[in-house]
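Step one of this worksheet: look at the structure below.
In our numbering, the protein residues as written are 3 to 96.
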């Protein structure tokens, strides 16, 4: 869960954008829109949710694992490992 005010604001903004996408998708389905635009909206929605998930996971990993080490060198190694994991997760979510 995002803890800093900036992270909370960023997550809330993303959630509001996702809510808007869901509302637009619901209207399109109710209006009987063609499948192609609905599928495009679904893909955009999936991307937005995956982006939010990656951002929250990034925040969580950094908070949990960088604070474990008091030694700055070990902390830097943890930071590099976290960067690698986040890059892997982001590539998987695309």
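Even for Gly, the Cβ is constructed at its ideal location relative to N, Cα and C. The model shown is predicted, which means the values in this text are computed figures rather than measured ones.
Unbroken alpha helix (DSSP H) run spanning residue i, endpoints
{"i": "residue 6", "result": "Where residue 6 is concerned, there is no enclosing alpha helix (DSSP H), given that its DSSP letter is neither H nor E."}
{"i": "residue 78", "result": "74-95"}
Residue i to residue j span [Cα, whole Å]
{"i": "residue 6", "j": "residue 34", "result": "42 Å"}
{"i": "residue 70", "j": "residue 37", "result": "49 Å"}
{"i": "residue 89", "j": "residue 39", "result": "30 Å"}
{"i": "residue 24", "j": "residue 73", "result": "46 Å"}
{"i": "residue 78", "j": "residue 32", "result": "52 Å"}
{"i": "residue 81", "j": "residue 87", "result": "10 Å"}
{"i": "residue 98", "j": "residue 41", "result": "With the chain represented from 3 up to 96, any question about residue 98 goes unanswered, as that position is not in the structure."}
{"i": "residue 49", "j": "residue 96", "result": "7 Å"}
{"i": "residue 22", "j": "residue 9", "result": "20 Å"}
For residue j and residue i, believed in contact at Cβ under 8 Å, the rounded distance
{"i": "residue 47", "j": "residue 76", "result": "Between residue 76 and residue 47 the Cβ distance is about 40 Å, and since that is not below 8 Å, they are no contact."}
{"i": "residue 54", "j": "residue 17", "result": "7 Å"}
Reduced DSSP category for residue i - H, G, I as helix; E, B as strand; rest coil
{"i": "residue 53", "result": "helix"}
{"i": "residue 22", "result": "helix"}
{"i": "residue 66", "result": "helix"}
{"i": "residue 38", "result": "helix"}
{"i": "residue 71", "result": "coil"}
{"i": "residue 30", "result": "helix"}
Residue i beta carbon near the ligand SAM (any heavy atom closer than 7 Å)
{"i": "residue 69", "result": "Within the structure as shown, the ligand SAM is missing, as the structure has no ligands at all."}
Query raised in the report: Do the stretch 52-71 and the stretch 13-26 meet, that is, are 3 or more Cβ pairs less than 8 Å apart?
Result: yes
Query raised in the report: Are the stretch 17-31 and the stretch 63-78 in contact at 8 Å, needing three or more beta carbon pairs?
Result: no
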